[in-house]
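Offset between the sequence shown (1-based) and my numbering: plus 2.
A virtual CB, placed ideally from N, CA and C, is assigned to each residue, including glycine.
Predicted, not measured: the structure shown is a model, and the values here were computed from it.
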Amino acid sequence: MHNTHPMLLLTIALSPIVGAYLQELAPTPVAGRIVPDLRPFDEAMLSMMQKWGLKGGQLAIAKGGKLVFSRSYGDADLNKRRTVELDSLFRIGSVSKTFTTAAILKLVEAGKLRLSDRVLSLLSHLKPADGSTVDPRLLEITVQQLLQHAGGWQDTEPSFTMPFTGQVTFEVGSPSPPTCETVIRYQLSKRLDFDPGSKTSYSNFGFCILGRIIEAVASAGGKRVPYEEFVEREVLRPAGITRAKLGGTLPSERSRAEVRYYGPPNQVLVDSVYPGRGLVPFAYGGLYLRSTDSSGGWIASAEDLVKFATAIDGQRGRALLSPAMFRLMLDTPIPTTKASGLCWTVAKRNNGVDFWHTGAIKDSSVSWLVRTSEGATLAFVFNSFPADFNRFMGEVIPGILELIKAPRTWPQNMSLRWAH
């Protein structure tokens, strides 16, 4: 984290009249009910967008499981002159991993899976691409290690991004773009970067495997159950989320309610994973989004994310997970570290824990979902990628946390927007 003061987010002067101050901040279209007591959150969003060149976004906040703030900002599609609406859908990147984690824990809770299960024993149908002998350490990787990014793959190349590009199809001998199964077969032919469980290193590939485990275990009865179907049925619909779905890579695959994505001005075109398409913006061909389904492939709104996070333990409605499973998600120690948790970043506080997850897709989108020890839940999504992502998050997270933790009078529930 950078040490930039959080108030850097709040640098734009306000008008004393609520309706006018948004006009003074920027000519950015803003929609949703104005909540005067939460005006600093509007300031923060518009300030972020102005400073980092972000085209459009959403912010949703719940307190005690009740929606108290939902606003949309800026442009969904500059070419079509569409503005972001409250129900616009965004690529949420790695926040998708929280859906996958909930699905895995549902299977554990049902007695169909154990965190100690060896992952390759569950995926015996997937063989190394070139018929080579598997690194014996691969046989020791557990479900828990994948959830804690301790499976043995480094967060640097060639283990991080390259397996999801078209390059792997040449070695595997399958058509491009590569499916997640193709990526797994490719990676099974490679040696691990470190011993499983010996340390942690962020791994999208580990969650690619978890998606296939969900399919394998859920399909054990005979009928094939795709990952997307299981997550929708067991996680999203019970949380009252009906519009979130897996996204597509190409502009032609964009959902009707989905925004368009914008990289920084200096973005470099890349070879498309789709043959014959030449150089393209990374957002529309740099990777095959369907192969990242369980690690980063979902599209959703900020309200959808807040619904999910408030439903996990029954803060709103029926709990997705039992109290014991919820504690397991946040309290499971991570070997070789002082941290705990499965998938989520967990920060212990005097009055409980904060837990959150960040999402980003290069030259496409940024998202963040957090629940605080004070009982507040917040999610933001943007359809643009900042030129310096690490610096952006280093400034934004402390500033937003300070805002949401500050003592304030919270408004009444905007219950009419949540049918569930």
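* Asked: Below 8 Å between beta carbons: does that hold for GLY76 and LYS99?
  -> One-based indexing of the sequence shown puts residue 76 at position 74. One-based indexing of the sequence shown puts residue 99 at position 97. Contact flag unset, no.
* Which whole runs of the beta strand (DSSP E) in the stretch 369-397 are 3 residues long or more, in chain order? -> 378-384
* Asked: Mind checking ASP306: buried by the 16 CB within 10 Å criterion, or exposed?
  -> Position 304 of the sequence shown, counted from the first residue, corresponds to residue 306. Answer is buried; the Cβ neighbour count reaches 16.
* Asked: Anyone know if the C-beta pair for GLU183 and ARG214 falls short of 8 Å?
  -> The residue given as residue 183 occupies position 181 in the sequence shown. The residue given as residue 214 occupies position 212 in the sequence shown. Contact: yes.
* **Other residues of its chain near GLY354: CB distance less than 6 Å, five sequence neighbours each side excluded** => As a working note, residue 354 is residue 352 in the sequence shown. Hits under 6 Å: SER375.
* Sort out for me which residues DSSP pairs ASP77 with in a bridge. => Start at 1 with the first residue of the sequence shown, and residue 77 comes out as number 75. Per DSSP, THR85.
* Return the bridge partner residues of ILE63 from the DSSP annotation. => Reading the sequence shown from its first residue, position 61 is the one you call residue 63. Looking at the DSSP assignment, ILE63 forms a beta bridge with PHE71, LEU380.
* **Proximal residues to LEU88 (C-beta, below 6 Å), its chain only, five neighbours per side dropped** => As a working mapping, residue 88 is identified with position 86 in the sequence shown. Hits under 6 Å: GLY34, SER72, SER74.
* Asked: Among PRO253, SER303, ALA131, ARG139, which one has its Cα closest to the Cα of ILE94?
  -> Locating residue 94 in the sequence shown gives position 92, counting from the first residue. With distances taken between Cα atoms, ILE94 lies closest to SER303.
* To do: Tell me where the beta strand (DSSP E) around PHE357 begins and ends.
  => Mapped onto the sequence shown, residue 357 falls at position 355. Element bounds for PHE357: 354-363.
* To do: Taking PRO413 as the reference, give the member of VAL70, GLY59, TYR188 with the closest Cα.
  => Residue numbering aside, residue 413 sits at position 411 when the sequence shown is read from its first letter. Closest option to PRO413, Cα to Cα, is VAL70.
* Three-state secondary structure (DSSP) of LEU140 -> Stepping through the sequence shown from its first residue, residue 140 is reached at position 138. Correct three-state label for LEU140: helix.
* Asked: In angstroms, rounded to a whole number, what distance separates the CA positions of VAL185 and ALA46?
  -> For the purposes of this step, residue 185 is identified with residue 183 of the sequence shown, where counting begins at 1. For the purposes of this step, residue 46 is identified with residue 44 of the sequence shown, where counting begins at 1. Answer to the nearest angstrom: the Cα atoms are 39 Å apart.
* Which of helix, strand or coil does DSSP assign to LYS407? -> As a first step, residue 407 must be located in the sequence shown, where it is residue number 405. Correct three-state label for LYS407: helix.
* Asked: Anyone know if the C-beta pair for PRO388 and VAL368 falls short of 8 Å?
  -> By one-based count along the sequence shown, residue 388 stands at place 386. By one-based count along the sequence shown, residue 368 stands at place 366. Going by C-beta atoms, PRO388 is nearer than 8 Å to VAL368.
* Could you check the C-alpha separation between PHE394 and MET51 for me, to the nearest Å? => The residue labelled residue 394 in the question sits at position 392 within the sequence shown. The residue labelled residue 51 in the question sits at position 49 within the sequence shown. Answer to the nearest angstrom: the Cα atoms are 11 Å apart.
* **7 Å CB neighbourhood of SER205 in its chain, flanking five on each side removed** => To locate residue 205, count along the sequence shown from 1; it is residue 203. Once the five neighbours on either side are set aside, the close Cβ partners of SER205 are HIS151, GLY153, TRP155, ASP157.
* To do: Could you name the residues that DSSP lists as bridge partners for PRO335?
  => Working through the sequence shown from its first residue, we reach residue 335 at position 333. DSSP, once it has assigned bridges, lists SER342 as partnering PRO335.
* Alpha carbon to alpha carbon, what distance is there between ARG329 and THR181? -> As a position in the sequence shown, residue 181 is number 179, starting the count at 1. As a position in the sequence shown, residue 329 is number 327, starting the count at 1. Whole-angstrom Cα-Cα distance: 34 Å.
* Asked: Going by C-alpha distance, which of PRO228, ARG41, GLU260 is nearest ASP79?
  -> As a first step, residue 79 is located in the sequence shown; it is residue number 77 there, counting from the start. It is GLU260 whose Cα lies nearest to the Cα of ASP79.
* What does DSSP give as the partner residues of SER367 in its beta bridges? -> What you label residue 367 is simply residue 365 of the sequence shown in a count that begins at 1. DSSP output for SER367 lists ILE363 as bridge partner(s).
* Asked: Is DSSP giving LEU115 helix, strand or coil here?
  -> The residue given as residue 115 occupies position 113 in the sequence shown. LEU115 falls in the coil class under three-state DSSP.
* Which value, in whole angstroms, describes the spacing of the CA atoms of VAL272 and LEU289? -> Numbered from its first residue, the sequence shown carries residue 272 at position 270. Numbered from its first residue, the sequence shown carries residue 289 at position 287. Approximately 10 Å between the Cα atoms of the pair.
* To do: Mind reading off the beta-carbon distance from TYR264 to PRO179? Whole number of angstroms is fine, and I expect it under 8 Å.
  => Walking along the sequence shown from the start, residue 264 turns up at place 262. Walking along the sequence shown from the start, residue 179 turns up at place 177. Not really, about 22 Å apart at Cβ, beyond 8 Å.
* Please say whether PHE310 and GLY59 have beta carbons closer to each other than 8 Å? => Indexing the sequence shown from 1 puts residue 59 at position 57. Indexing the sequence shown from 1 puts residue 310 at position 308. Contact: no.
* Asked: In three-state terms, what does DSSP make of THR244?
  -> Translated into positions along the sequence shown, residue 244 becomes position 242. Here THR244 sits in coil by DSSP.
* For ALA378 versus ILE402, is the C-beta distance shorter than 8 Å? -> Your numbering for residue 378 matches position 376 in the sequence shown. Your numbering for residue 402 matches position 400 in the sequence shown. Cβ atoms of ALA378 and ILE402: not closer than 8 Å.
* Asked: CB-CB under 6 Å to GLN146, same chain, minus the five flanking residues each way: which ones, in chain order?
  -> Stepping through the sequence shown from its first residue, residue 146 is reached at position 144. Closer than 6 Å at Cβ, skipping near neighbours: LEU117.
* Looking only at its own chain, which residues have a Cβ that is under 8 Å from the Cβ of PRO267, when we skip the five neighbours before and after it? -> Residue mapping note: residue 267 aligns to position 265 of the sequence shown, counting from 1. Only GLY55, ALA389 meet the Cβ criterion.
* **Selection from PRO38, ASP39, LYS68 that minimises the alpha carbon distance to GLY316** => Within the sequence shown, the letter at position 314 stands for residue 316. Among PRO38, ASP39, LYS68, the Cα nearest to that of GLY316 is on LYS68.
* To do: In the DSSP assignment, find the unbroken beta strand (DSSP E) run with THR347 in it and report its ends.
  => The residue labelled residue 347 in the question sits at position 345 within the sequence shown. Element bounds for THR347: 347-351.
* **Residue closest to LYS247, alpha-carbon to alpha-carbon, out of GLY361, ASP295, ARG262** => Your numbering for residue 247 matches position 245 in the sequence shown. If we check each option's Cα against that of LYS247, ASP295 comes out closest.
* Asked: So, is LYS225 buried or exposed, given that buried needs 16 or more other C-beta atoms within 10 angstroms?
  -> Within the sequence shown, the letter at position 223 stands for residue 225. Counting Cβ neighbours within 10 Å, LYS225 comes out exposed, since fewer than 16 surround it.
* Do you know how far the Cα of GLY299 is from the Cα of SER254? -> On the sequence shown, position 252 is the one that residue 254 refers to. On the sequence shown, position 297 is the one that residue 299 refers to. Cα to Cα, the separation comes out at about 16 Å.
* Would the beta-carbon of LEU115 fall within 8 Å of that of VAL219? -> Counting from one through the sequence shown, the residue named residue 115 turns up at place 113. Counting from one through the sequence shown, the residue named residue 219 turns up at place 217. Yes, the Cβ-Cβ distance between LEU115 and VAL219 is below 8 Å.
* Assigned exposure category for HIS127 - 16 Cβ within 10 Å defines buried -> By one-based count along the sequence shown, residue 127 stands at place 125. So HIS127 ends up on the exposed side.
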